[in-house]
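Chemist: In numbering that gives the first Met the number 0, the protein residues as written are 0 to 347.
Think of the CB as a built atom: it goes at the ideal place given N, C-alpha and C, for glycine as much as any other residue.
Please read all numbers here as calculations on a predicted model, not as lab measurements.
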Amino acid sequence: MNKTMLQQYMTAPREITFRTVPIPEPGPDQVLVKIRKIGVCGSDIHVYHGTHPYTPYPVTQGHEVSGEIVKVGESVQDLRPGQRVTVEPQVVCGHCYPCRHGKYNLCEKLKVMGFQTTGMASEYFAADAFRVTPLPDDMTYAEGAMIEPLAVTVHAAKRFPALRGARAVVLGCGPIGILLIQSLKALGAEQVLATDISDTRLALAGTLRADFTVNTGREDYAAALEEAFGPDKADVVYECAGSETTMDQAIQNARKGSTIILVAVFGRKAAVDLAKLNDSELDLNTSMMYRHEDYVEAIRLVQEGKVQLKPLQSQAFPFSEYQKAYEYIDNNRESTMKVLIEVDPSEE
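If you want it as structure tokens, here you go:
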């Protein structure tokens, strides 16, 4: 094996280059992962555009990954070379109140690989063994790179405890929205209504378990909501678009006493109607990333056939064409779902 590797390096917004760095040697409690696939997400695009509020430059990205273990540290017992794995990208302190109470996704000093600390967009990555989750032998590397965003939606779905038998709305049918639709149905929601302004995205949502789809660019959301669910409307609304417009739709049309869960990351401060929120005694809840149990659940749902990942895979680009992948997303926003970077394009 060579002693050096290529690593993606974003020096400024819209400026992606590569640098040659030593292949890391795993520590006693680490494993060396040969990275195979990297998923590009909306937050990555925010960094590319210079609009992510919590990411300085330069930065190496990559937080949705799959790979193969090629070396294990001397103290690692439950992992072995040759295993397919994904890596959870949260770096936490382990000492603050959330960490001490099992909510390390809310760590007071949380850093996320690819944003506040070095990401995994390189040919190899030395990962702490406790961050590594094995993948089934028959799961493709492309699917493995999508376990991270699926875990986001599993965690979000479970933020509404009364999900079984519930009627839910998903506002926004990007990759997270469509994964959330599938997660909601897999975890017991009775019916899901999905909205977007793209017929292409809504058509895909309809094939992936949405019971009702509404193009709010030309259809009245309030009327469509009542037509689908009757006067009692929805039990829970998930905002996945990160838009003041959709958040206002959620608040103005929610059944009094029901729940709104914010899943999307807003790129800037938003103006919301708190008076209406208060008048309707709405529960405005949020969802932040995931924990290990959400990864385990995500893998289970894929293995059981309750969530499909392949229909969301839009395009793949070689590692050397990282910037072209971002340009493709910018130029094909309506039709693009999940774009993957192939660090190693060999057989799945």
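Give me the DSSP bridge partner(s) of G229.
Modeler: Note: G229 sits in no beta bridge, so no partner.
Chemist: Taking 8 angstroms as the cut-off, decide whether the C-beta atoms of V64 and T50 are in contact.
Modeler: For V64 and T50, no; Cβs fall outside 8 angstroms.
Chemist: Could you name the residues of the same chain whose beta carbon sits closer than 6 angstroms to that of Q248, not counting the 5 residues immediately before and after it, in chain order?
Modeler: Closer than 6 angstroms at the Cβ level, and outside the excluded window around Q248, lie Y220.
Chemist: Do V262 and R35 have their C-beta atoms closer together than 8 angstroms?
Modeler: In this structure, R35 does not lie closer than 8 angstroms to V262 by Cβ.
Chemist: Need the endpoints of the alpha helix (DSSP H) that M246 sits in, please.
Modeler: Here the alpha helix (DSSP H) through M246 covers E243 to N252.
Chemist: For the stretch 244-324, list the beta strand (DSSP E) runs that are entirely contained and at least 3 residues long, ordered along the chain.
Modeler: Counting only runs of 3 or more, we get 258-261, 282-285 and 312-317.
Chemist: Would you check if there are 3 or more beta carbon pairs closer than 8 angstroms linking the stretch 41-50 to the stretch 258-272?
Modeler: Contact between the stretch 41-50 and the stretch 258-272 is present, because at least three Cβ pairs lie under 8 angstroms.
Chemist: Does the Cβ of T10 have 16 or more other Cβ atoms within 10 Å, making it buried, or fewer, making it exposed?
Modeler: Burial call: exposed.
Chemist: Taking the alpha-carbon positions, what's the V271 to A233 distance?
Modeler: Answer to the nearest angstrom: the Cα atoms are 20 angstroms apart.
Chemist: In the DSSP assignment, find the alpha helix (DSSP H) that holds I44 and state where it starts and stops.
Modeler: Where I44 is concerned, the enclosing alpha helix (DSSP H) stretches over G41 to H48.
Chemist: Going by C-alpha to C-alpha distance, which of D293, S286 and L308 sits closest to L105?
Modeler: It is S286.
Chemist: Work out the CA separation of Y289 and Y103 for me, nearest whole Å.
Modeler: Computed Cα separation, rounded: 9 angstroms.
Chemist: Might you give, ordered along the chain, the residues of its own chain that have their beta carbon closer than 7 angstroms to the beta carbon of P27, omitting 5 neighbours on each side?
Modeler: G72, E73 and S74.
Chemist: Using a Cβ-Cβ cutoff of less than 8 angstroms, which residues in the same chain neighbour F129 once the five nearest sequence positions on both sides are dropped?
Modeler: Closer than 8 angstroms at the Cβ level, and outside the excluded window around F129, lie D28.
Chemist: Quick one: grab the DSSP three-state call for T199.
Modeler: In the structure shown, T199 sits in a helix (DSSP, three-state: H, G or I).
Chemist: Taking 8 angstroms as the limit between beta carbons, can you name the residues of its chain near L192, skipping five residues before and five after?
Modeler: Excluding sequence neighbours, L192 sits near R166, A167, V168, V169, A209, D210, F211, T212, V213, A223, L224, A227, F228 and A233.
Chemist: Who are Q89's beta bridge partners in DSSP?
Modeler: V111.
Chemist: Quick check: the stretch 240-257 against the stretch 171-179, are there 3 or more CB pairs under 8 angstroms?
Modeler: With the cut-off at 8 angstroms, the stretch 240-257 and the stretch 171-179 touch.
Chemist: Less than 8 angstroms between the CB atoms is what I'm expecting for T54 and Q7, so what's the real figure, rounded?
Modeler: That belief does not hold up - the Cβ atoms of T54 and Q7 are roughly 14 angstroms apart, past 8 angstroms.
Chemist: Got a sec: is the Cβ-Cβ distance from P25 to anything in chain C below 8 angstroms?
Modeler: The structure shown contains no chain C, having only a single protein chain.
Chemist: Under DSSP, the alpha helix (DSSP H) around Y96 begins and ends at which residues?
Modeler: Note, Y96: alpha helix (DSSP H), Y96 to R99.
Chemist: Taking Cβ to Cβ, would you say I146 is nearer than 8 angstroms to I250?
Modeler: It is not a contact, given that the beta carbons lie outside the stated cut-off.
Chemist: On the CB-based measure, 16 or more other CB atoms within 10 Å of its CB, does G113 come out buried or exposed?
Modeler: Buried, since its Cβ has 16 or more Cβ neighbours within 10 Å.
Chemist: Among K184, S319 and P133, which has the Cα closest to the Cα of T19?
Modeler: Out of K184, S319 and P133, S319 has the C-alpha closest to the C-alpha of T19.
Chemist: Take the Cβ of S345 as the centre, count every other Cβ of all protein chains shown within 10 Å, and call the residue buried at 16 or more, exposed below.
Modeler: With fewer than 16 Cβ atoms within 10 Å of its Cβ, S345 is classed as exposed.
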